[in-house]
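Top line first, the protein sequences correspond to chains A, B, C and D. For the first sequence, position 91 matches number 91 in this note's numbering, and the numbering has no gaps at all. For the second sequence, position 90 matches number 1090 in this note's numbering, and the numbering has no gaps at all. For the third sequence, position 233 matches number 2233 in this note's numbering, and the numbering has no gaps at all. For the fourth sequence, position 217 matches number 3217 in this note's numbering, and the numbering has no gaps at all.
4 protein chains.
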Amino acid sequence: MQYFWQKSIRESVEKVLNSRFPFLFIFQEGIILGLPFILLNYKTYLQGTGKGAVEIAKACKAVSEESGIEIAVAPQLPDIYRVASEVELPVFSQHLDGVGAGSFTGHIFGKAIKEAGAVGTLINHSERRLTLAEIEASLQAAKEFGLRTVVCTNNVPTTAAAAALGPDYVAIEPPELIGSGIPVSKADPEVVSGSVKAVAKIDSRVKVLCGAGISKGEDLRAALDLGSQGVLLASGIVKAKDPKAALEDLISLV
Amino acid sequence: MQYFWQKSIRESVEKVLNSRFPFLFIFQEGIILGLPFILLNYKTYLQGTGKGAVEIAKACKAVSEESGIEIAVAPQLPDIYRVASEVELPVFSQHLDGVGAGSFTGHIFGKAIKEAGAVGTLINHSERRLTLAEIEASLQAAKEFGLRTVVCTNNVPTTAAAAALGPDYVAIEPPELIGSGIPVSKADPEVVSGSVKAVAKIDSRVKVLCGAGISKGEDLRAALDLGSQGVLLASGIVKAKDPKAALEDLISLV
Amino acid sequence: MQYFWQKSIRESVEKVLNSRFPFLFIFQEGIILGLPFILLNYKTYLQGTGKGAVEIAKACKAVSEESGIEIAVAPQLPDIYRVASEVELPVFSQHLDGVGAGSFTGHIFGKAIKEAGAVGTLINHSERRLTLAEIEASLQAAKEFGLRTVVCTNNVPTTAAAAALGPDYVAIEPPELIGSGIPVSKADPEVVSGSVKAVAKIDSRVKVLCGAGISKGEDLRAALDLGSQGVLLASGIVKAKDPKAALEDLISLV
Amino acid sequence: MQYFWQKSIRESVEKVLNSRFPFLFIFQEGIILGLPFILLNYKTYLQGTGKGAVEIAKACKAVSEESGIEIAVAPQLPDIYRVASEVELPVFSQHLDGVGAGSFTGHIFGKAIKEAGAVGTLINHSERRLTLAEIEASLQAAKEFGLRTVVCTNNVPTTAAAAALGPDYVAIEPPELIGSGIPVSKADPEVVSGSVKAVAKIDSRVKVLCGAGISKGEDLRAALDLGSQGVLLASGIVKAKDPKAALEDLISLV
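Written as structure tokens, this is what we have:
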């Protein structure tokens, strides 16, 4: 069961059954009990910088524990160590370069984020695009250091291409909807369902997240109904007056 | 006195006079007592990743205290907080984006590195080149957060251009010599003296560092003799078996 | 029959049967008569600049007519019009941006290369890498203007990803072999056969070229034996003393 | 006299004195008779693609001959040869890479645009930004092939930096005003006069153009009054119903 990657299958299933939010994922392959994956991207929002990065992570952890839903955070690079040291929840990097040890000043090295406490990374976010060769190198680097990978894409064909590289997740985010407050699941449901289909055809082990404009319970619900297995979101939570309340609303319809 | 930016002039002058390595800088404007500035770039070297980042910083601090020479370190982004929390010496970032708070996933925000403990940043290192507009924006961002700036350049004209942007330092590093083990001060002394002249003509407040191939006492000595006010160096110290001994050799002829 | 895209199937088959170099392609789907596709990238070689661009194109046309093998050329952008006006053979662009009409100074617009006489384009060459989103946009632009597409890749996973975007061709070129004189078909045959397999799995309509170090008859022969349907090559012909003789050698074992 | 670079000084002065639009430039160095330089950037506008590129160039030539004012055009790369072959006026490239002959697929090589008929090039346009090192290399390449250079910048500090690299012109264009229809000379006159001052301080041989939102006679007039020596403009002419009439309006107040 993917959503409890750090635990045994048995524990995971029990947790799902006992959770306040039991949920059925229906895949082509059959029926699988599961819970969505929520990845909160802090971007460079003031509210999620420095001390704020830790505070929001604490809110995520609290809601994750209450609900049994895995919530991970992606703070800024300089805040990874601080968040990972102070809060026990999955911490992602916002970016990873496909570089090794050596002459790569200013680049993000897999071993460095791993040692700082990250367990995964975003790759190719629309605000930090990479060449195809760099995405592949970044995935190799992540694999080498045991980091989970979320490759961001902008439409169905790029989602298919990203899936062919074998990441853990692709996150489809139409750039025009990012930060718009208009959820992709409403504005462009076909891009989500199309991505889910395209990925299933290329590599059924790759999971699909959906992003852009997601902030409310109905958005996450719609995203799941369209076949995605979670969401990548940002401002709706990080810039909320009460991030914990916003997260509770987000998962209210799971 | 620039090299003791965090202290009063009086203290600085006394420190110089009492140090084991008194040194006279002769500028066009007159005679100024001073000591060079040494900035150690960790790049993504394994030896300077995670715990290693802290260990090397401790060696730098020890040598700095013994000698009175300012030594700053530029660890990887995820290690800034850790190094700055554990060792009291100037910590630089290897890169800074000219972005504000907002939708800049994977970018390096001035406030984030400042809060993590950085006091300055490299900009436009040859391994992380920026557009001219980005360099200028990065300098603005650094200024906003009170960060010292070192803009890297590759030849005399780009050094002049960088000086026109008003950073604290330009660091001239001919790319073909970086990591070569051949010190720029020997291989291409004209690029150093030419840069010193060009900068003096554009803005005499901007200081010149020289980099590429610097690792030994004679390299630093030659760099200073050519008119630079310090060095940017990397592998010669970070990958040394005994970084502290290597640093002591580096400053032995100051 | 793909290799005679501008003619009818019937004509093509006849041309193959009557050519001096009849050749059997065996695909998974059955037996197809065919001839390889040769795409000659001029890069910025002096020999292929300006008038030279036209001269080399004439040599290509002569060898193509003698042999019945399709040979296309990719001169520099400013030479497309000149070559296409003076020589009747397929002209490709070395690059295409996925931009429309508008504010895209310095970008390569599909309509402009089409009107200049190009019939296709290289996309994402190792010397002009694009982001994944840009590759997809470039393919869309090419499609809009009826241009054939060759997406360059660097290893098996990126080849699979590129195939998922549905170009006409992917051209696998391990960067370390480009310009090396060591043919990829000898140095790393697995990357070619692996790419052929990966592409067949993703989209069997996509054809595979192989590049890097190709210049002789045995190199092309080996490339075809590994399952590719042609080659992308450059210096071996463009910088040859006698490009026509070099081309004749290239196709001698087809 | 700069504006008649292809003619002798004597001819130029006579042409100015006899023209319908005599104009006095007052420089710090004294009084120089002169006429502004107008550079028309076609971007990727449909109207300026292919045949349209030639038509607009003809309109420019006609107005230039009537007025004695130098008007140059910057069509798309694939149209340089066509425009330069069919119309006798100065043709600029929209971009130039600082590369030599060799392995630079998809890059713009100085010799290629020179042989296609270009006499100059834009460098670092806001829609095609370059790193500082690339700008300098591009300028070197232009110099090698005797091409005139216009480096685009976005504010006063970057203008100063660009001037330190010694181009023929810097063209200051605040990105937020490009394509806005609001002339920089009205919206932000300080950026123009500040650029003129900054350039004079760095290198008085470098001339200043101003761009962004320029389309009418009063815009050019204001640009000249602020101390610039010409304008870089685009949509106002290229997308005009009658480009010739638009050009005549543009120069009506010179």
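Think of the CB as a built atom: it goes at the ideal place given N, C-alpha and C, for glycine as much as any other residue. Note that the coordinates shown come from a computational prediction; the quantities given were computed from them, not determined experimentally.
DSSP places residue 158 (chain A) in the helix class (H, G or I) of the three-state scheme. The segment 1117-1133 of chain B makes contact with the segment 1149-1161 of chain B, as at least three CB pairs between them are under 8 Å. When secondary structure is reduced to three states using DSSP, residue 1099 (chain B) falls in the coil class, being assigned neither helix nor strand. The Cβ atoms of residue 2198 (chain C) and residue 2156 (chain C) lie closer than 8 Å to each other. Residue burial annotation: residue 88 (chain A) is exposed, with fewer than 16 other C-beta atoms found within 10 angstroms of its C-beta. Taking 7 Å as the upper bound on Cβ-Cβ separation, chain D lies near residues 2094, 2095, 2099, 2101, 2102, 2103, 2104, 2105, 2106, 2107, 2108, 2109, 2111, 2112, 2113, 2115, 2116 of the segment 2088-2117 of chain C. Taking C-beta atoms under 8 Å as the contact rule, residue 1049 (chain B) and residue 104 (chain A) fail to qualify, at a distance of about 11 Å. Close to chain C, meaning a Cβ-Cβ distance shorter than 7 Å, are the following residues of the segment 3060-3085 of chain D: 3076, 3077, 3078, 3079, 3080, 3081, 3082.
Segment contact: the segment 2127-2139 of chain C against the segment 3063-3079 of chain D, fewer than three CB-CB distances shorter than 8 Å; contact not assigned. Close to residue 3149 (chain D), with beta-carbon spacing below 9 Å, lies no residue of chain C; the smallest spacing is near 14 Å.
In this structure, residue 2107 (chain C) lies near residue 3044 (chain D), with their beta-carbon atoms less than 8 Å apart. Secondary structure within the segment 2113-2140 of chain C: not one fully enclosed alpha helix (DSSP H) run of 4 or more consecutive residues is present. In the DSSP secondary-structure assignment, residue 1149 (chain B) is bridged to B:1121. Using a CB distance cut-off of 8 Å, residue 1124 (chain B) counts as an interface residue toward chain D. Listed in chain order, the non-local C-beta contacts of residue 251 (chain A) below 6 Å within the same chain comprise 67, 69, local neighbours out to five positions each way being set aside. Setting aside the 5 residues that flank it on each side, residue 2220 (chain C) is surrounded in the same chain by 2231, 2250, each with a C-beta closer than 6 Å to its C-beta; the list follows chain order. For the segment 127-159 of chain A, the set of residues with a beta-carbon nearer than 7 Å to any beta-carbon of chain B comprises 127, 128, in chain order.
Taking 8 Å as the cut-off, the beta carbon of residue 63 (chain A) is found no closer than this to the beta carbon of residue 86 (chain A).
At least 8 Å separates the beta-carbon of residue 3202 (chain D) from that of residue 1172 (chain B).
Identification of chain D residues near residue 1165 (chain B) by a Cβ-Cβ cut-off of 8 Å yields 3157, 3158, 3160, 3161, ordered along the chain. Using a Cβ-Cβ cut-off of 8 Å, residue 2046 (chain C) counts as an interface residue toward chain D, since at least one Cβ of chain D sits closer than that to its own. Secondary structure of residue 93 (chain A) (DSSP, three-state): strand. The residue from B:1207, B:1038, B:1164, B:1101 with its alpha-carbon nearest to that of residue 1071 (chain B) is B:1038. Close partners of residue 3178 (chain D) in chain B (Cβ separation under 7 Å) are lacking, with about 13 Å as the shortest Cβ gap.
Out of B:1159, B:1168, B:1211, B:1166, the CA that lies nearest to the CA of residue 1182 (chain B) is found in B:1211. The alpha-carbon separation between residue 2097 (chain C) and residue 2189 (chain C) amounts to approximately 31 Å. Taking a beta-carbon distance threshold of 8 Å, residue 3050 (chain D) counts as an interface residue toward chain C. The criterion of a C-beta distance shorter than 8 Å is not satisfied by residue 1223 (chain B) and residue 1254 (chain B). Against chain B, the CB of residue 3202 (chain D) has a partner CB under 8 Å away; the residue lies at that interface.
By the neighbour-count definition (other C-beta atoms within 10 Å, threshold 16), residue 2242 (chain C) is an exposed residue. Counting every other CB atom within 10 Å of its CB across the protein chains shown gives residue 1204 (chain B) a total below 16, marking it as exposed. Under the DSSP assignment, residue 3045 (chain D) falls outside any beta strand (DSSP E); it carries neither an H nor an E label.
Residue 1113 (chain B) is a Cβ neighbour of residue 1093 (chain B), given a cutoff of 8 Å. Within chain A, the residues 102, 103, 104, 105 have their CB atoms less than 8 Å from the CB of residue 1043 (chain B), given in chain order. Cβ-Cβ separation between residue 3141 (chain D) and residue 3099 (chain D): approximately 7 Å, consistent with a contact (criterion under 8 Å). A distance below 6 Å between beta-carbons, with the five flanking residues on each side excluded, links residue 127 (chain A) to no residue of its chain.
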